[in-house]
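Numbering (this note's numbering), first residue to last: 8 to 358.
In structure tokens form, the structure reads like this:
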């Protein structure tokens, strides 16, 4: 059994999904708590719903193994939120007294892990393999960091900038197999690049020329030639060590490569934006990603900092600092930092 639940800072369930064992477990818990009635619309938690609980959970009359349709809605489900509220309250109380981000509780049937994300969101993992659950929670947190960055608190909105994150969450509902052994390497695998060393030597000058020419249009950029989520060549438009894109963390870059390799069709190219962190800063950068397929099944990727990058980064810094004000013991220190960042934002806007 394996599943997850994403909780907002208002203690509402935003997304949840899992395998058939998780569906059966959740269904059983709802029945045990009296929150599920197959014969009447749900009125639990004082909230009336025109749909029955069985419909909202994707529970049909077939066996649990055939329950392939799972809910993954933005709107909070009152029954599921009510079910997890005692556990959430227990974690909130624990977190207020301890600095640990992860809370673990076990029963004979399941292991439940709770992890605090940015802006007091919570990620709950339910299963029977602690190691697997820890790995998945790290993967989920990394995915949200890359897809939505400091805008996690806006995940319920309809802004275009959050669609990548919601699609990422829905992918677990569409393909339950994605729960299996999710892991991102903390280093770049260069074995394939070494194997194709002679071919790369021919390609390198062409990519350098392309990167230099794109700099006139996109500004500083980094071009990657990848094969099945592994980097073969990486070139930068400038040798300036201050170039952010030269120092991206391996975790963020490997996750991005995994996501690109999973895209169904790149014959006509694709453009999107992600949040990527530098090894020299914890504040992520908002980056344009342009992807297209080339000959031989290779993928060409161009990274460039998004327009108004300085302003976006200043606002991202502001949001991160606000989050830390809520969790730090040294409130005065971070209030001063917030004030300083607001001044930076005002200066950029006045230019």
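The beta carbon of each residue, even a glycine, is placed where N, CA and C say it ideally should be.
Predicted model, so just to flag it, every value in this text is computed and none were measured.
Shown here for residue 228: same chain residues with a beta carbon closer than 8 Å to its own, the five before and five after excluded, namely 218, 221, 222, 243, 244, 252, 309, 310 and 311 in chain order.
Using a C-beta cut-off of 8 Å, the stretch 148-160 makes contact with the stretch 322-333, since at least three inter-stretch Cβ pairs fall below that distance. The criterion of a C-beta distance shorter than 8 Å is satisfied by residue 121 and residue 98. Taking a C-beta distance under 8 Å as the contact criterion, residue 284 and residue 259 qualify as a contact pair. For residue 331, no beta strand (DSSP E) segment is defined; the enclosing uninterrupted segment is the alpha helix (DSSP H) at 316-334. Counting only residues of its own chain and dropping the five nearest sequence neighbours on each side, residue 298 has a CB closer than 6 Å to the CB of 267, 273, 277 and 308. Nearest Cα to residue 356 within the set 320, 270 and 341: 320.
In the DSSP assignment, residue 121 falls within the unbroken beta strand (DSSP E) covering 118-123. Of 250, 238 and 317, the smallest CA-CA separation from residue 262 is found for 238. Residues of the same chain with a CB within less than 7 Å of the CB of residue 203, apart from the 5 flanking positions on each side, are 239 in chain order. According to the DSSP assignment, residue 109 belongs to the beta strand (DSSP E) that extends over 109-113. In this chain, the beta strand (DSSP E) harbouring residue 291 covers 288-300. Rounded to the nearest whole angstrom, the CA to CA distance from residue 28 to residue 8 is 5 Å. Residue 312 is bridged by DSSP to 294.
In the DSSP assignment, residue 279 is bridged to 296. Closest in C-alpha terms to residue 102, from the list 207, 86, 280 and 129, comes 129. Nearest to residue 288 by C-alpha distance, out of 351, 305, 209 and 254, is 254. With 16 or more other Cβ atoms from the protein chains shown falling within 10 Å of its own Cβ, residue 86 counts as buried.
Within the same chain, Cβ atoms closer than 6 Å to the Cβ of residue 111 are found at 120, the five residues on either side in sequence being excluded. Rounded to whole angstroms, the separation of the alpha carbons of residue 358 and residue 179 is 44 Å. For residue 126, there is no enclosing beta strand (DSSP E), as DSSP gives it neither H nor E. Looking at the DSSP output, residue 209 shares a beta bridge with no other residue.
Secondary structure at residue 162: coil, using DSSP grouped into helix, strand and coil. Going by C-alpha positions, residue 342 is about 47 Å away from residue 31. DSSP, read as helix, strand or coil, puts residue 306 in strand. Between residue 293 and residue 317, the gap from beta carbon to beta carbon reaches 8 Å or more. With contacts defined by Cβ atoms closer than 8 Å, residue 131 and residue 117 do not form a contacting pair. Taken atom to atom, the span from the alpha-carbon of residue 303 to that of residue 11 is near 38 Å. Nearest to residue 37 by C-alpha distance, out of 84, 14 and 96, is 84. Going by DSSP, residue 150 is part of the alpha helix (DSSP H) stretching over 137-154. Of the other Cβ atoms in all chains shown, 16 or more fall within 10 Å of the Cβ of residue 88; this residue is therefore buried. Where residue 33 is concerned, the enclosing alpha helix (DSSP H) starts and stops at 27-39. Under DSSP, residue 88 forms no beta bridge with any residue.
Annotated three-state conformation of residue 250 is coil, per DSSP. Of 275, 127, 271 and 17, the smallest CA-CA separation from residue 108 is found for 127. In the three-state reduction of the DSSP assignment, residue 217 falls in the helix class, which pools H, G and I.
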